[in-house]
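Below is one structure, written out as structure tokens; the observations come after it.
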Amino acid sequence: ATSQKPRQVLEELNRFYGSDNSNVHRGMHTLSMRSTEAFEGARKKVADFVNAPDVHEIIFTRNATEAINLVARTWGAANIASGDEIVLTVMEHHSNLVPWQLLAESTGATLKFGRLRSNGTLDIDHFESLITERTKLVGLCHVSNVLGCVNPIERVAKKCQSVDAKLLVDACQSVPHMPVNVQTLGADWLVASSHKMCGPTGIGFLWGRAELLRSSPPFLGGGEMIDEVKLEGSTYNDIPHRFEAGTPAFAEAIALGSACDYLQRLGMDAIARREH
Numbered sequence: 003a004t005s006q007k008p009r010q011v012l013e014e015l016n017r018f019y020g021s022d023n024s025n026v027h028r029g030m031h032t033l034s035m036r037s038t039e040a041f042e043g044a045r046k047k048v049a050d051f052v053n054a055p056d057v058h059e060i061i062f063t064r065n066a067t068e069a070i071n072l073v074a075r076t077w078g079a080a081n082i083a084s085g086d087e088i089v090l091t092v093m094e095h096h097s098n099l100v101p102w103q104l105l106a107e108s109t110g111a112t113l114k115f116g117r118l119r120s121n122g123t124l125d126i127d128h129f130e131s132l133i134t135e136r137t138k139l140v141g142l143c144h145v146s147n148v149l150g151c152v153n154p155i156e157r158v159a160k161k162c163q164s165v166d167a168k169l170l171v172d173a174c175q176s177v178p179h180m181p182v183n184v185q186t187l188g189a190d191w192l193v194a195s196s197h198k199m200c201g202p203t204g205i206g207f208l209w210g211r212a213e214l215l216r217s218s219p220p221f222l223g224g225g226e227m228i229d230e231v232k233l234e235g236s237t238y239n240d241i242p243h244r245f246e247a248g249t250p251a252f253a254e255a256i257a258l259g260s261a262c263d264y265l266q267r268l269g270m271d272a273i274a275r276r277e278h
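Quick note on my numbering: the sequence shown kicks off at 3 and runs consecutively.
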């Protein structure tokens with residue numbers, strides 16, 4: 003499923019390509035500076051949209067799938083080992099299942115799955131029973147893309163914190179339909195896709211706690227994610243650029259910022275009331 007694009011988003015894409023098109027963080031000329039300012043301005047809009055405490059905690063990715071793989075391949079690969087457990091649910095989208103299957107295969111970790119009640123909602127008591135001292139990571143959708151049920155993220159976050167497990171939330175279905183506040187959810191990472199929130203395709207984002215992002219190894223190597231490069235080795239940039247190797251989808255990111263503006267003008271509380 004995808005959302006249709008409001009006129010404001012289409013006009014911003016057209017305006018940018020017609021007036022400001024230039025690579026970001028690559029030059030001192032006028033177009034590059036305007037493009038970079040708009041790109042980083044879009045990051046601020048996304049941060050405000052989910053109430054991130056630090057704009058540097060927003061990482062632009064190709065989509066939510068890449069964002070989840072980023073966490074699995076960086077923090078997951080560095081912190082999950084044989085004997086550890088990853089807890090998911092049977093309602094997860096493939097993007098929040100397959101990356102953890104691949105990680106479990108490579109590390110020897112065990113996957114466990116929360117079940118559903120007969121009414122199609124999460125059996126929260128069973129799910130919480132799976133989260134133990136052996137659990138390293140819990141992955142959970144905020145709203146199911148199939149069932150439409152809203153999962154109790156705050157409650158699950160408290161359970162995770164009690165056993166020092168980390169929580170990743172797939173918010174693709176919730177971010178366009180209700181207010182989402184990462185500071186009250188209690189998660190450690192949250193992912194979403196632009197195309198489901200009135201923005202263009204080819205862009206998504208990861209929000210993560212700054213200390214977790216900074217302690218994770220790089221995801222992809224290349225330009226922009228580096229600090230200093232020598233033939234003998236390289237040092238790496240600070241967040242967010244540490245995880246944004248190469249030329250980003252800067253036009254799409256700027257249009258995603260316009261989609262955030264559009265949704266904010268409508269009001270996320272008003273959108274949620276209309277749906278419910």
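All residues carry an ideal CB built from backbone N, CA and C; glycine is no exception. All of these numbers come straight from a predicted model, not from anything done at the bench.
- Going by DSSP, residue 67 is part of the alpha helix (DSSP H) stretching over 66 to 73.
- For residue 194 and residue 80, the gap between their C-alpha atoms comes out near 23 angstroms.
- Spatial neighbours of residue 71 in its own chain (CB-CB distance under 7 angstroms, excluding positions within 5 residues in sequence) are listed in chain order as 101.
- If you draw a straight line from the Cα of residue 124 to the Cα of residue 69, it comes to about 24 angstroms.
- Ranked by Cα distance from residue 76, the options 248, 191, 254 are led by 191.
- Shortest Cα-Cα distance from residue 108 to any of 137, 186, 74 involves 74.
- The criterion of a C-beta distance shorter than 8 angstroms is not satisfied by residue 188 and residue 196.
- Here the C-alpha atom of residue 202 lies approximately 11 angstroms from the C-alpha atom of residue 252.
- With respect to residue 96, residue 145 sits apart: the two C-beta atoms are not nearer than 8 angstroms.
- Looking at 113, 92, 209, 60, the one whose alpha-carbon comes closest to that of residue 82 is 113.
- For residue 43, the enclosing alpha helix (DSSP H) has its first and last residue at 32 to 51.
- According to the DSSP assignment, residue 191 belongs to the beta strand (DSSP E) that extends over 191 to 195.
- By the CB criterion at 8 angstroms, residue 270 and residue 154 fall outside the cutoff.
- Rounded to the nearest angstrom, the gap between the Cα atoms of residue 198 and residue 175 is 7 angstroms.
- Around the CB of residue 165, fewer than 16 other CB atoms lie within 10 Å, so the residue is classed as exposed.
- In terms of CA proximity to residue 167, 132 leads the group 132, 151, 150.
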